[in-house]
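Below is one structure, written out as structure tokens; the observations come after it.
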Amino acid sequence: MDPEFWNNRYAAPGFTYGTDPNAFVVACAPHLPAGPVLCLGEGEGRNALYLAQRGHEVTAVDQSAVGLAKARERAARAGLTINTVVADLGAYGITPGAWSGIVATFVHLPPALRARVHHAAAAGLRPGGCLILEAYTPDQLRHRTGGPVNQPECFMTLAALREEFAGLDLRIARELERDVREGTGHTGRGAVVQILAVRPGSNEDLRNPSTPS
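The numbering used here runs 244 ahead of the 1-based position in the sequence shown.
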């Protein structure tokens, strides 16, 4: 899925994954420390705008210029500012120790690239910083309500994510099924993995978040 694929998808009227933020991001957002947040594979900006509304300085990265343009337009209409970077995640450098939060929802990459990006994301957190991730697991092939069904190697498992985020404190780490209602792109019962992880350090103030099931 190259930039042309995503540009064509996001050029369609409306918003492929809706305008509401991801439900797991909403549940975990109160536990993000103050400071800058990086949204990876952010598409049309639904999570980025939500986090900007909560007072974070947000940088949204995606390979689709069309998707990020729609994000900036929505932000401007709402009186918000978000930073956008058009980049392939394979080429984007996550600055170590720079981020209070890093968010990735349904960013399904080939395994080798995914491991590299996730290692960089873990290193990119400040002490006490949070990582929020939700993605489809291989069981999603039974549902086919979204996700890379033609690239099953891009699904994620909890076991693999534990290795890729080694060194972080996993506050939530689970596989489950839930209804995912996000535009036309994700509609119906889904098999997902959810991660809320913290980089050990000072100024941690995380409670046990209430999350959707």
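All C-beta atoms, glycine included, are put in the ideal place defined by N, C-alpha and C. In this text, all values refer to a predicted model and were calculated from it rather than measured experimentally.
| query | result |
| --- | --- |
| Local conformation of Asp332 per DSSP, three classes | coil |
| Reduced DSSP secondary structure (H/G/I, E/B, other) of Asp246 | coil |
| Ala255 versus Glu286 - alpha carbon distance | 15 Å |
| Inter-residue spacing [alpha-carbon to alpha-carbon] between Ala403 and Arg418 | 10 Å |
| Assigned exposure category for Gly199 - 16 Cβ within 10 Å defines buried | Lying outside 245 to 457, the shown extent of the chain, residue 199 is not represented and no answer is given. |
| Endpoints, alpha helix (DSSP H) assigned at Pro355 | Pro355 to Gly368 |
| Per DSSP, the bridge partner or partners of Tyr380 | Val436 |
| Per DSSP, the bridge partner or partners of Gly345 | Val281 and Cys374 |
| Bridge partners - Glu301, DSSP secondary structure assignment | Glu301 is not bridged to any residue. |
| Proximity below 8 Å, CB of Tyr380 to CB of Ala435 | yes |
| Whether Asn291 touches Val269 by CB criterion (8 Å) | yes |
| For Val270, three-class secondary structure by DSSP | helix |
| Buried versus exposed, by CB contacts within 10 Å (16 or more), Pro277 | buried |
| Residue environment, Thr339, which counts as buried when at least 16 other CB atoms sit within 10 Å | exposed |
| Euclidean distance between Cα positions of Tyr261 and Leu282 | 19 Å |
| Given 8 Å, three or more beta-carbon pairs between the region 335-352 and the region 309-318 | no |
| Whole-number beta carbon distance between Gly372 and Arg443, since they are thought to touch under 8 Å | 7 Å |
| Pairwise C-alpha distance: Arg422 and Arg316 | 30 Å |
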